[in-house]
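**Student:** Please read through the structure below; I'll follow up with questions.
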Amino acid sequence: KYFLSSTLCLLNTFFCFCGLVGSRPVACQHLRILAQENLEDDPHAQGSSYIAASYVKHLESAGARVVPIHINRTEEEYEKLFNAINGLLLPGGNVDIEKSQFTRAAKIFYELAIKANDASDYFPIWGTCQGFQQLTVLISNKNLLTLTDTKAVALPLTFSPGAQNSRLFKKFPKDVLQSLSKENITSNFHSWSLSMQNYSSNAKLKRFYRVLTTNTDGKNEFISTMEAYRYPFYAVQWHPEKSPFEWIEKAGMVHTLSAIKATFYTAHFFVSEAMKNHHRFSSQSEEEKALIYNFQPVFKGLNSIFLQNYYFD
């Protein structure tokens, strides 16, 4: 009862989605997830890049179909792809957010998204963890992150005044907002954060992003959720995709019903944002070649931080 029929894409690899109204197909929409460079210590690694399967499942759970989009492509290839997809997800990971191929591709799509939105072509971007951090670098042109004690910890969100009426949160049910604010259900697996102090002292960030929630490691108050004022850009430092789809026994992992409900509403929100965009592939055959179904996830074991990964050349 909770599912839409749609297709999305990720950066590391990107996701796409195609919607249905009843049994009638509507214009095919695509979200992408950007792939990123393989981790050096990954014994299962194949090719040059990967995407954690939990991000694919996260979007599929809200009715999305996924298309992987690769790093190490030309600007022309990325621009053509941009015009075929409907949104971008920048996932978590562990790459250099100033010099990597992940960053290069993210910057190209980010600039295309700014240009599109300025021309009334609605194009949403979502950043999770590393994706959140990447978005801060893209707008400020510098790394403003601060070391925090936030590796493997679940926290409640401290909502900023009016945040529950933000674009991101305003359609969340009251019980989900209550759980997010009172229960330790947001999984944090990051060592670096954007502190409120650094945000407040950077004019570019402060003008561009509205702070929706914060957290603290006991010493530093940092931003955990934000959305852009003028653009459909959203960023969470926490991991909504982990609760239902990652199973390592580790502090910070939460599998309660309230955590999983929060996961669904974040996915549902982003898919609904992508539905406002009417980019599409030029043909069904072109779309079929791009879908994630052409790739097989690799099971990495229950003790891996990522249960399954997709790998790409």
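In mature numbering (1 follows the signal peptide of the UniProt record, and there is no 0), the protein residues as written are -23 to -1, 1 to 290.
We put the beta carbon where it would ideally sit given N, CA and C, even for glycine.
#1: Would you kindly work out how many angstroms separate the C-alpha atoms of S172 and V72, rounded to a whole number?
#2: Using the Cα positions of T105 and S260, report the straight-line distance between them to the nearest angstrom.
#3: Please identify the residue among I200, S143, N142 and R9 whose C-alpha is closest to the C-alpha of H167.
#4: Work out the CA separation of P274 and V231 for me, nearest whole Å.
#5: What is the DSSP secondary structure of P45, reduced to helix, strand or coil?
#6: If I measure Cβ to Cβ from A228 and keep anything under 6 Å in the same chain, skipping five residues before and after, which residues do I get?
#7: Do you know how far the Cα of T202 is from the Cα of P133?
#8: Can we say the segment 81 to 98 touches the segment 111 to 118, given the rule of at least three CB pairs closer than 8 Å?
#9: Is the beta carbon of L58 less than 9 Å from the beta carbon of I10?
#10: The ligand PLP heavy atoms versus the CB of G195: any closer than 8 Å?
#11: Identify which residue in K277, N197 and V44 has its Cα closest to the Cα of E264.
#12: By the DSSP assignment, the beta strand (DSSP E) with R9 in it spans what residues?
#13: Is the Cβ-Cβ distance between L8 and I62 less than 9 Å?
#14: By the three-class DSSP mapping on this structure, what secondary structure does Q273 have?
#15: Looking only at its own chain, which residues have a Cβ that is under 8 Å from the Cβ of T80, when we skip the five neighbours before and after it?
#16: To the nearest angstrom, how far is the alpha carbon of Q78 from that of T51?
#17: According to DSSP, which residues form a beta bridge with S164?
#18: If you count every other CB in all the chains shown that lies within 10 Å of the CB of S97, and 16 or more means buried, which is it?
#19: According to DSSP, is T243 part of a helix, a strand, or is it coil?
#20: On the CB-based measure, 16 or more other CB atoms within 10 Å of its CB, does K183 come out buried or exposed?
#21: Just the Cα atoms here: how many angstroms apart are N175 and T240?
#22: Between Y186 and Y27, how many whole angstroms is the CB-CB distance? I'm expecting something under 8 Å.
#23: Using a 10 Å radius around the Cβ and a threshold of 16 neighbouring Cβ atoms, would you call S(-1) buried or exposed?
#24: Nearest to L284 by alpha carbon, out of S249, I269, K253 and I225?
#25: Name the residue from S156, T125 and L122 whose alpha carbon lies nearest to the alpha carbon of F136.
#26: What residue range does the beta strand (DSSP E) around P27 cover?
#27: Rounded C-beta distance between A140 and N161? I'm assuming under 8 Å.
#28: If distances are taken between C-alpha atoms only, which option among H255, K277, I46 and F272 comes closest to A93?
**Tutor:** Looking at the coordinates:
#1: Translated into positions along the sequence shown, residue 172 becomes position 195. Translated into positions along the sequence shown, residue 72 becomes position 95. When the Cα atoms are used, S172 and V72 turn out to be separated by approximately 20 Å.
#2: As a first step, residue 105 is located in the sequence shown; it is residue number 128 there, counting from the start. As a first step, residue 260 is located in the sequence shown; it is residue number 283 there, counting from the start. Going by the C-alpha atoms only, they are around 31 Å apart.
#3: If you number the sequence shown from 1, residue 167 lands on position 190. Of the residues I200, S143, N142 and R9, the one whose Cα lies closest to the Cα of H167 is I200.
#4: By one-based count along the sequence shown, residue 231 stands at place 254. By one-based count along the sequence shown, residue 274 stands at place 297. Across the structure, V231 and P274 are spaced so that their CA atoms are roughly 23 Å apart.
#5: The residue given as residue 45 occupies position 68 in the sequence shown. DSSP, read as helix, strand or coil, puts P45 in strand.
#6: Numbered from 1 along the sequence shown, position 251 holds the residue referred to as residue 228. Taken in chain order, the residues that qualify are A129.
#7: Position 156 of the sequence shown, counted from the first residue, corresponds to residue 133. Position 225 of the sequence shown, counted from the first residue, corresponds to residue 202. Answer to the nearest angstrom: the Cα atoms are 12 Å apart.
#8: Result yes; three or more Cβ-Cβ pairs closer than 8 Å.
#9: Here residue 58 refers to the residue found at position 81 of the sequence shown. Here residue 10 refers to the residue found at position 33 of the sequence shown. No, Cβ-Cβ distance for L58 and I10 is not below 9 Å.
#10: This structure lacks the ligand PLP, and indeed carries no ligand of any kind.
#11: As a position in the sequence shown, residue 264 is number 287, starting the count at 1. Looking at K277, N197 and V44, the one whose alpha-carbon comes closest to that of E264 is V44.
#12: As a working note, residue 9 is residue 32 in the sequence shown. In the DSSP annotation of this structure, the continuous segment of the beta strand (DSSP E) that includes R9 starts and ends at L8 to L11.
#13: Within the sequence shown, numbered from 1, the residue matching residue 8 stands at position 31. Within the sequence shown, numbered from 1, the residue matching residue 62 stands at position 85. Cβ atoms of L8 and I62: closer than 9 Å.
#14: Mapped onto the sequence shown, residue 273 falls at position 296. Three-state result, Q273: coil.
#15: Translated into the one-based positions of the sequence shown, residue 80 becomes position 103. These residues qualify, in order along the chain: V72, D73, I74, Q111 and V114.
#16: In the sequence shown, the residue the question calls residue 78 occupies position 101. In the sequence shown, the residue the question calls residue 51 occupies position 74. Computed Cα separation, rounded: 11 Å.
#17: One-based indexing of the sequence shown puts residue 164 at position 187. In DSSP, S164 forms a bridge with A131.
#18: Within the sequence shown, numbered from 1, the residue matching residue 97 stands at position 120. Exposed: under 16 other Cβ atoms inside 10 Å.
#19: Counting from 1 along the sequence shown, the entry for residue 243 is found at position 266. Three-state DSSP puts T243 in a helix.
#20: Numbered from its first residue, the sequence shown carries residue 183 at position 206. Burial call: exposed.
#21: Here the question's residue 175 lines up with position 198 in the sequence shown. Here the question's residue 240 lines up with position 263 in the sequence shown. Their backbone Cα atoms lie some 28 Å apart in a straight line.
#22: Here the question's residue 186 lines up with position 209 in the sequence shown. Here the question's residue 27 lines up with position 50 in the sequence shown. Under the criterion of beta carbons closer than 8 Å, Y186 and Y27 do not qualify as touching, at roughly 28 Å.
#23: Translated into positions along the sequence shown, residue -1 becomes position 23. Because S(-1) carries a pLDDT of 33, less than 50, the predicted location of this residue cannot be relied on, and no value is offered for it.
#24: Position 307 of the sequence shown, counted from the first residue, corresponds to residue 284. Closest option to L284, Cα to Cα, is I225.
#25: As a position in the sequence shown, residue 136 is number 159, starting the count at 1. The residue with the shortest Cα to Cα distance from F136 is S156.
#26: Within the sequence shown, numbered from 1, the residue matching residue 27 stands at position 50. Residue 27 is actually Tyr in this sequence, not Pro. Segment S26 to A29, the beta strand (DSSP E) holding Y27.
#27: Here residue 140 corresponds to residue number 163 of the sequence shown, with the count starting at 1. Here residue 161 corresponds to residue number 184 of the sequence shown, with the count starting at 1. No, A140 and N161 are not in contact; Cβ-Cβ is about 19 Å, not under 8 Å.
#28: Position 116 of the sequence shown, counted from the first residue, corresponds to residue 93. Of the candidates H255, K277, I46 and F272, the residue whose Cα lies closest to the Cα of A93 is H255.
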